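J.:
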Amino acid sequence: MSSTDKTEAKVDETKPTEATEPKITQSSVFSMFGGGAKKEKKDEDEDRGDNSGSAKAQREAAAAAKGDDEEEAAPEADDVHFEPVHKLTEKVKTVTHEESEEEIFNMRCKMFKFTQTTEGNGEWKERGTGPLRLLKHKENGKIRLVMRRDKTLKVCANHYITPDMTIAPMSTSDRAWLWNVGADVSEGEPEAITVSVRVANAENAQQFKEAWLKAQKENEILFSAGKEETKEETKAEEKKEEAAASS
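See the structure below:
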């Protein structure tokens with residue numbers, strides 16, 4: 342080997358090796374400004390969230406678990422039973438004072454009563470709406486007219502159809518009738534009143550009049566017989582008094 346070759350080899354051995362430049366990545370740039378730390382913190386949060394879940398998810402899960410426990414613990418409605426404090430052993434019987442009578446006529450109508458105002462003028466006031474019935478006593482056969490209001494069942498007419506009563510049509514309607522009552526006891530005490538009734542149609546009005554007149558005719562026979570019996574009883578009492586006075 343020549344001197345020249347030796348010199349070049351020596352130079353090659355003494356020539357410093359070029360340093361490898363470090364590779365700069367995007368993550369390195371972000372880590373210079375704090376980006377890398379945030380990413381690592383986010384990753385840690387995500388890892389922790391995967392294991393335990395967020396706080397909101399935990400609260401929802403706890404609430405759902407509590408609701409399930411309450412539903413399981415709540416008793417079923419079918420199993421709930423309460424004993425009554427007072428037991429009704431007997432049924433209360435309603436007395437209408439119609440037990441000894443039978444119904445022979447029934448028609449729904451509206452009743453009015455003629456009244457005097459403070460000024461002295463007369464006017465018709467509504468008495469009530471409901472079924473008007475004719476009731477015949479099972480023993481003595483007398484017939485009375487009874488009408489009760491709907492729902493409340495309050496009596497708005499209660500009187501016998503006597504021979505001295507007269508039924509007449511209303512001049513303002515072909516389905517209404519009026520008559521005078523000598524003693525109506527619907528309010529408790531006997532009262533002389535004038536009443537009128539209005540029915541659904543003219544056909545019903547005719548049926549009502551026929552039933553009213555028939556009841557009056559039957560009562561006339563019974564009332565006449567009752568008057569004769571009263572006269573005989575009065576005469577018998579008078580004779581007893583005369584006999585007692587003469588002795």
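If you're matching positions, the sequence shown starts at 342 in the working numbering and goes up one per residue.
Positions of the beta carbon are idealized from the N, C-alpha and C atoms, including for glycine.
Keep in mind the model is a prediction, meaning the values are calculated, not measured.
Who does leucine 554 pair with in a DSSP beta bridge?
T.: Walking along the sequence shown from the start, residue 554 turns up at place 213. Beta-bridge pairing links leucine 554 to no other residue.
J.: I need the DSSP call for leucine 473, collapsed to helix, strand or coil.
T.: Residue mapping note: residue 473 aligns to position 132 of the sequence shown, counting from 1. Looking at leucine 473 - three-state DSSP - the assignment turns out to be strand.
J.: Using a Cβ-Cβ cutoff of less than 8 Å, which residues in the same chain neighbour cysteine 497 once the five nearest sequence positions on both sides are dropped?
T.: Residue mapping note: residue 497 aligns to position 156 of the sequence shown, counting from 1. Counting only Cβ-Cβ distances below 8 Å, and skipping sequence neighbours, we find Met452, Arg468, Gly469, Gly471, Met488, Arg489, Arg490 and Ser527.
J.: What are the boundary residues of the beta strand (DSSP E) that includes methionine 488?
T.: Position 147 of the sequence shown, counting from 1, holds the residue named residue 488. Unbroken beta strand (DSSP E) run through methionine 488: 484-489.
J.: Determine the DSSP secondary structure at asparagine 447, reduced to helix, strand or coil.
T.: Position 106 of the sequence shown, counted from the first residue, corresponds to residue 447. It is a strand residue.
J.: Between threonine 507 and tryptophan 518, which are expected to be in contact by the criterion C-beta below 8 Å, what is the C-beta distance as a whole number of angstroms?
T.: As a first step, residue 507 must be located in the sequence shown, where it is residue number 166. As a first step, residue 518 must be located in the sequence shown, where it is residue number 177. Contact doesn't hold; Cβ gap of about 10 Å is too wide.
J.: Over what stretch of residues does the beta strand (DSSP E) that includes threonine 535 continue unbroken?
T.: As a working mapping, residue 535 is identified with position 194 in the sequence shown. That run of the beta strand (DSSP E) goes 532-539.
J.: Going by DSSP in three states, asparagine 542 sits in which element: helix, strand or coil?
T.: By 1-based counting over the sequence shown, the position of residue 542 is 201. Coil, per DSSP.
J.: If you follow the beta strand (DSSP E) that proline 510 is part of, which residue opens it and which one closes it?
T.: Taking the first residue of the sequence shown as position 1, residue 510 is located at position 169. Unbroken beta strand (DSSP E) run through proline 510: 508-510.
J.: What span of residues does the beta strand (DSSP E) with histidine 427 cover, start to end?
T.: Numbered from its first residue, the sequence shown carries residue 427 at position 86. Taken as a continuous stretch (DSSP letters only), histidine 427 belongs to no beta strand (DSSP E), as it is neither H nor E.
J.: With H, G and I counted as helix, E and B as strand and the rest as coil, what does DSSP make of glycine 567?
T.: Taking the first residue of the sequence shown as position 1, residue 567 is located at position 226. Helix at glycine 567.
J.: Name the DSSP bridge partner or partners of leucine 519?
T.: Walking along the sequence shown from the start, residue 519 turns up at place 178. In DSSP, leucine 519 forms a bridge with Ala509 and Ser537.
J.: Go ahead and label serine 343 buried or exposed: buried means 16 or more other beta carbons lie within 10 angstroms of its beta carbon, across all protein chains shown.
T.: Sequence index remark: in the sequence shown, residue 343 carries index 2 (1-based). With a pLDDT of 49 at serine 343, under the threshold of 50, the predicted position of this residue should be treated as unreliable, and no value is reported.
J.: In the DSSP assignment, what are the bridge partners of alanine 498?
T.: Taking the sequence shown and counting its residues from 1, one reaches residue 498 at position 157. DSSP, once it has assigned bridges, lists Met488 as partnering alanine 498.
J.: Using the beta-carbon count (16 or more within 10 Å), is aspartate 515 buried or exposed?
T.: Here residue 515 corresponds to residue number 174 of the sequence shown, with the count starting at 1. The residue in question, aspartate 515, is exposed, as its Cβ has fewer than 16 Cβ neighbours within 10 Å.
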